[in-house]
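K.L.:
Line order of the protein sequences matches chains A and B. First residue of the first sequence? That's 1 in our numbering, and the numbers climb one at a time after it. First residue of the second sequence? That's 1001 in our numbering, and the numbers climb one at a time after it. We put the beta carbon where it would ideally sit given N, CA and C, even for glycine.
2 protein chains.
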Amino acid sequence: MTPAARRVLEAAARLFYERGIHAVGVDLIAAEARVTKKTLYDRFGSKEQIVVEYLADRDDRWRAFLAQCLDAAQPVSAARVLAVFDASRAWSAKNSSKGCSMVNAHAEISDPSHPAYPIITGQKEWMLALFTDLAGDIAPGRAAQLGRTLMLLHEGALVAHGLHVFPDPISHAREQVQTLLATTGGAAAKR
Amino acid sequence: MTPAARRVLEAAARLFYERGIHAVGVDLIAAEARVTKKTLYDRFGSKEQIVVEYLADRDDRWRAFLAQCLDAAQPVSAARVLAVFDASRAWSAKNSSKGCSMVNAHAEISDPSHPAYPIITGQKEWMLALFTDLAGDIAPGRAAQLGRTLMLLHEGALVAHGLHVFPDPISHAREQVQTLLATTGGAAAKR
DNA sequence: AGCTCACTATACAGATCGGTATACTCCTGA
DNA sequence: TCAGGAGTATACCGATCTGTATAGTGAGCT
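#1: From what residue to what residue does the alpha helix (DSSP H) around B:Ile1050 run?
#2: Report the CB separation of B:Ala1135 from A:Leu152 in whole angstroms; it is logged as a contact under 8 Å.
#3: Note down the Cα distance separating B:Ile1109 from A:Gly20, rounded to an integer number of angstroms.
#4: Measuring only the C-alpha atoms, how far is A:Lys47 from B:Tyr1017?
#5: Following the continuous alpha helix (DSSP H) through A:Ser88, name the residue where it begins and the one where it ends.
#6: In terms of residues, what are the limits of the alpha helix (DSSP H) holding A:Ala143?
#7: Going straight from the alpha carbon of A:Tyr117 to that of B:Pro1140, what length do you get?
#8: In whole angstroms, what is the alpha-carbon distance linking B:Glu1032 and A:Asp86?
#9: Going along the chain, which residues of its own chain have a beta-carbon closer than 6 Å to the beta-carbon of A:Tyr54, five neighbours each way excluded?
#10: Assign A:Ser113 to one of two classes, buried (16 or more other C-beta atoms within 10 Å of its C-beta) or exposed (fewer than that).
#11: Using a Cβ distance threshold of 8 Å, determine whether the stretch 67-84 of chain A contacts the stretch 21-41 of chain A, with at least three qualifying pairs required.
#12: Relative to the C-alpha of A:Thr149, which candidate in B:Val1008, B:Ala1090, B:Ala1107, B:Gln1178 has its C-alpha closest?
#13: Which residues in the same chain as B:Ser1171 place their Cβ atom closer than 7 Å to its Cβ, once the five residues preceding and following it in sequence are excluded?
#14: Could you tell me the distance, in whole angstroms, from the CA atom of B:Ala1160 to the CA atom of B:Gln1145?
#15: Against chain B, which members of the stretch 156-177 of chain A pass a CB distance test of less than 9 Å?
#16: So that I know if they touch, is there some Cβ in chain A lying closer than 8 Å to that of B:His1114?
#17: Run down chain A in chain order and give the residues with a C-beta less than 7 Å from the C-beta of B:Gly1045.
#18: Return the chain-ordered list of same chain residues with a C-beta closer than 7 Å to the C-beta of B:Ala1143, the five sequence neighbours on each side being excluded.
#19: B:Ile1170 by DSSP, collapsed to three states: which one?
#20: On a Cα-Cα basis, can you pick out the residue from B:Leu1128, B:Leu1082, B:Ile1119 that is closest to B:Gln1176?
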């Protein structure tokens, strides 16, 4: 990716996230990236493609960040679940003051045949699979159920964070998960 | 409100919710409502005003629906909490297959000085106050904490419902709340 | 020196945006 | 019977939208 293309993607990511996808035009993206529209279209071909790469890149970076956080966490399953919430809190503090970009993008992209659609649903499926996987180490018989509960608390915390419903909802969710795992898991299994 | 104005609001509500606010133009709204743009602007003055009335009307109808469900519920506090989730499930099945309209609108409205902003945040504050109030009847010493947890589960369920992460997440949240209240509340206080 | 390629600047096309103006019809009620 | 408000149809405004075309600049590489 050329330097100009990277600037375009960075500007688009910031603008799309802060103002919404449909509210941002390519002229503004080009201006903020200090790039002409010609260059923008030479690199990406369409606004839709910029949207797709914006979401895909954000998904990639989130997964990489989370993987790094999980690697640094203790190998105890309960600790790893909590590490996900810690990662979300750190990520949201820096990159997501308006909530989950996938959820926000989904509000603007109605057509399931839109090329960005599978990126959005894919991340949510992946997160549910991750939670279910971690839950399987804690309560093997109820992995699906516990995984879904973790998913709901996590998504709810992201939404509450974005709408500033109350202070630091991700930490609140983390605490709830902690007590939930304490009453549920009994002995948290080693991984 | 004149018949034409009502048709405009109904069409705008459907289009805004399904396609997003910025993706829908006033020409389309007028066409779908079988109304000329002249009439549309005579009644509402601006697209922004239609957005405001769309959200305010939806908020009103949700609160009325929820109040009706709570009136029909048993006067036991735990049952009333569960009745909120039952109400959300019924409401979402009919009106909210794409998730919470307030959350979705928030994704597109970044400016806190936008006239629709207080409607969005107001509903969330109101829901948190409702959950906290109900929680106060169950665990008076931990009303704020329990109320926030209920809020997170509820918001998470709405998001998961809208993104179809797994089937019927609102029922799942309801079940989790049920077990949470059983372990927490002990004897659910009468109202 | 000469070539390639990323990039810039400017202008424009066709469509659509929110918003307005004019002139008309229809229905109700006094 | 007639006035007036609600609504209609159509045409238009300036601005902005996505996307394209042409011509030129500048740095690195061989």
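P.N.:
A quick look at the data gives this:
#1: 1047-1072
#2: Going by Cβ atoms, the distance from B:Ala1135 to A:Leu152 rounds to 18 Å, so no, they are not a contact pair.
#3: 7 Å
#4: 23 Å
#5: 77-95
#6: 143-163
#7: 44 Å
#8: 47 Å
#9: Ala12, Ala13, Phe16
#10: exposed
#11: no
#12: B:Gln1178
#13: Arg1089
#14: 23 Å
#15: Gly156, Ala157, Leu158, Val159, Ala160, Gly162, Leu163, His164, Val165, Phe166, Pro169, His172, Ala173, Glu175, Gln176
#16: no
#17: Here the premise fails: no neighbours, minimum Cβ distance about 21 Å.
#18: Thr1132, Ala1135, Gly1136
#19: helix
#20: B:Leu1082
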